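Shown next, in structure tokens, is the structure this report addresses.
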Amino acid sequence: MPEVTTPLKPATSTSPYTRSNPFPGKLVVNRRLSGPESAKDTRHFEIDLTGWGLSFEVGDSMAVYPTNDPDLVEEIIRALGGKGDEPVKGPKGDTTLGEALLRDCRITQTTPKFLKAITKRANSALLLKDLLELERKEDLERYLWGMEVIDFLNEHPSAKFSPEEFVGLLTKLQPRLYSVASSLRVHPEQVHFIVDVIRYESHGRVRKGVASSFLAERADKVPVPVYPSSAKHFHLPEDPDTPIIMVGPGTGIAPFRAYLQERMALSAKGKNWLFFGSQREKCDYAYKEDFDRFKREGILTRLDCAWSRDQAHKVYVQHRMLENAAEIWKWIDSEGAQFFVCGDARRMAKDVDAALRRIVQEQGGKSVGEANGYVEKLKSDKRYKRDVY
3 MPEVTTPLKP ATSTSPYTRS NPFPGKLVVN RRLSGPESAK DTRHFEIDLT GWGLSFEVGD
63 SMAVYPTNDP DLVEEIIRAL GGKGDEPVKG PKGDTTLGEA LLRDCRITQT TPKFLKAITK
123 RANSALLLKD LLELERKEDL ERYLWGMEVI DFLNEHPSAK FSPEEFVGLL TKLQPRLYSV
183 ASSLRVHPEQ VHFIVDVIRY ESHGRVRKGV ASSFLAERAD KVPVPVYPSS AKHFHLPEDP
243 DTPIIMVGPG TGIAPFRAYL QERMALSAKG KNWLFFGSQR EKCDYAYKED FDRFKREGIL
303 TRLDCAWSRD QAHKVYVQHR MLENAAEIWK WIDSEGAQFF VCGDARRMAK DVDAALRRIV
363 QEQGGKSVGE ANGYVEKLKS DKRYKRDVY
């Protein structure tokens with residue numbers, strides 16, 4: 003980790019670069035963090051933003067505008083019987099079919115308009131037609147899982163579309179938000195990301211995450227358009243002496259790496275406790291070297307890790323929290339610690355929330371209602387902060 007070279011002045015989240023005017027960043031580091039035995043391809047990316055005059059606060063996110071997979075674009079053009087140079091009106095204005103599919107349109111996810119158009123133009127799409135007409139929502143979701151636009155074009159070649167019609171059936175390609183994993187005080191001209199590269203097989207084809215595969219496979223050859231997105235609800239305490247507890251398994255570790263860099267740069271006195279987790283310690287321990295240094299430097303007061311697949315029974319961050327319930331309660335109730343959670347909203351964040359409420363109830367000697375009220379007060383006082391997705 004480089005030494006701090008920038009003045010220690012407060013960062014702001016104002017920027018001339020926005021959704022409609024992103025900055026052309028340059029990918030300078032693409033490093034795999036997960037080991038060869040890992041089930042995941044987790045990567046560390048560094049984007050150089052020299053010339054921006056960058057300013058943001060740790061806890062903020064950065065939006066990345068990806069481009070689509072050129073091979074998939076070519077396959078769709080062939081399925082349409084086109085060449086790619088046909089003029090079309092895309093989501094961003096007049097362009098060609100090839101450019102619209104590469105840069106402007108979401109070409110993997112189907113839309114209701116597209117599905118209805120398939121049923122009207124292909125006699126072979128009887129099952130899809132029934133599912134749409136009968137409003138069998140759950141059956142339709144199961145049928146569509148893992149299916150992309152190209153699958154329907156290949157399965158129903160009798161469904162013909164002009165380039166203009168086809169583009170009109172798609173939605174606009176959206177930017178992807180990533181939590182920034184670095185502090186400007188340590189890396190003044192860069193932003194760092196930690197990303198799980200999405201790849202899986204479905205219906206005999208390899209599927210890829212649009213933004214993650216763009217960063218992993220193609221971003222070193224083209225500019226990476228980015229703009230900042232403020233997360234005011236997820237910033238560090240204004241008082242650098244305030245203790246913080248951070249829960250960030252997997253790629254949820256991103257903002258907490260930035261927090262620790264920031265607090266080290268500021269020589270902040272506040273205690274820092276991190277709960278991290280992933281599948282296996284041997285091959286999924288992202289940023290271990292950073293954590294080791296933070297511990298040596300006295301910045302990381304406590305580190306508790308949960309490796310879900312390293313034993314017969316699965317262990318997650320919420321289990322580590324419950325093992326340390328008395329100390330967590332002391333930090334929060336007696337020492338005024340703020341509690342941060344980042345990562346998966348569907349399961350992890352709910353389980354962590356339940357564990358926190360249980361800790362408050364059992365360690366604080368409260369009823370269920372009193373514990374829930376205590377946690378809600380933490381939220382309203384901005385001492386319980388979440389960035390979940």
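One rule links them: number in the working numbering = place in the sequence shown (from 1) + 2.
For glycine and all other residues, C-beta sits at the position ideal for the given N, C-alpha and C.
Quick caveat, the model's predicted, so the values are computed rather than measured.
Look up residue i in the DSSP assignment and say whether it is helix, strand or coil.
{"i": "residue 39", "result": "coil"}
{"i": "residue 229", "result": "strand"}
{"i": "residue 339", "result": "coil"}
{"i": "residue 389", "result": "strand"}
{"i": "residue 247", "result": "strand"}
{"i": "residue 32", "result": "strand"}
{"i": "residue 257", "result": "helix"}
{"i": "residue 91", "result": "strand"}
{"i": "residue 122", "result": "helix"}
{"i": "residue 11", "result": "Model confidence at residue 11 stands at a pLDDT of 37, short of 50, so the residue's coordinates are unreliable; what they give is reported in the following sentence. Residue 11 falls in the coil class under three-state DSSP."}
{"i": "residue 18", "result": "coil"}
{"i": "residue 271", "result": "coil"}
{"i": "residue 131", "result": "helix"}
{"i": "residue 2", "result": "Because the chain is modelled from 3 through 391, residue 2 falls outside the range shown and cannot be assessed."}
{"i": "residue 379", "result": "helix"}
{"i": "residue 216", "result": "helix"}
{"i": "residue 58", "result": "coil"}
Candidates the options: which alpha carbon is nearest residue i's?
{"i": "residue 202", "options": "379, 193, 24 and 215", "result": "215"}
{"i": "residue 312", "options": "296, 166 and 284", "result": "284"}
{"i": "residue 274", "options": "290, 173, 268 and 305", "result": "305"}
{"i": "residue 88", "options": "81, 293, 79 and 99", "result": "99"}
What residues are listed by DSSP as bridge partners for residue i?
{"i": "residue 196", "result": "46"}
{"i": "residue 202", "result": "209"}
{"i": "residue 305", "result": "276"}
{"i": "residue 181", "result": "63"}
{"i": "residue 96", "result": "91"}
{"i": "residue 384", "result": "Partner(s): none; residue 384 has no beta bridge."}
With respect to the alpha helix (DSSP H) encompassing residue i, which residues constitute its N-terminal and C-terminal limits?
{"i": "residue 156", "result": "151–157"}
{"i": "residue 330", "result": "327–331"}
{"i": "residue 318", "result": "Residue 318 -> no alpha helix (DSSP H), and no H or E assigned at all."}
{"i": "residue 76", "result": "72–82"}
Using the C-alpha atoms, what's the distance from residue j back to residue i?
{"i": "residue 426", "j": "residue 220", "result": "The structure shown has nothing for residue 426, since the chain only spans 3 to 391."}
{"i": "residue 280", "j": "residue 46", "result": "16 Å"}
{"i": "residue 351", "j": "residue 156", "result": "39 Å"}
{"i": "residue 282", "j": "residue 316", "result": "11 Å"}
{"i": "residue 243", "j": "residue 107", "result": "47 Å"}
{"i": "residue 179", "j": "residue 134", "result": "32 Å"}
{"i": "residue 309", "j": "residue 224", "result": "37 Å"}
What I want to know is whether the C-beta of residue i ends up closer than 6 Å to one or more non-hydrogen atoms of the ligand NAP.
{"i": "residue 177", "result": "Absence of the ligand NAP from the depicted structure is noted, as is the absence of any ligand whatsoever, leaving it without description."}
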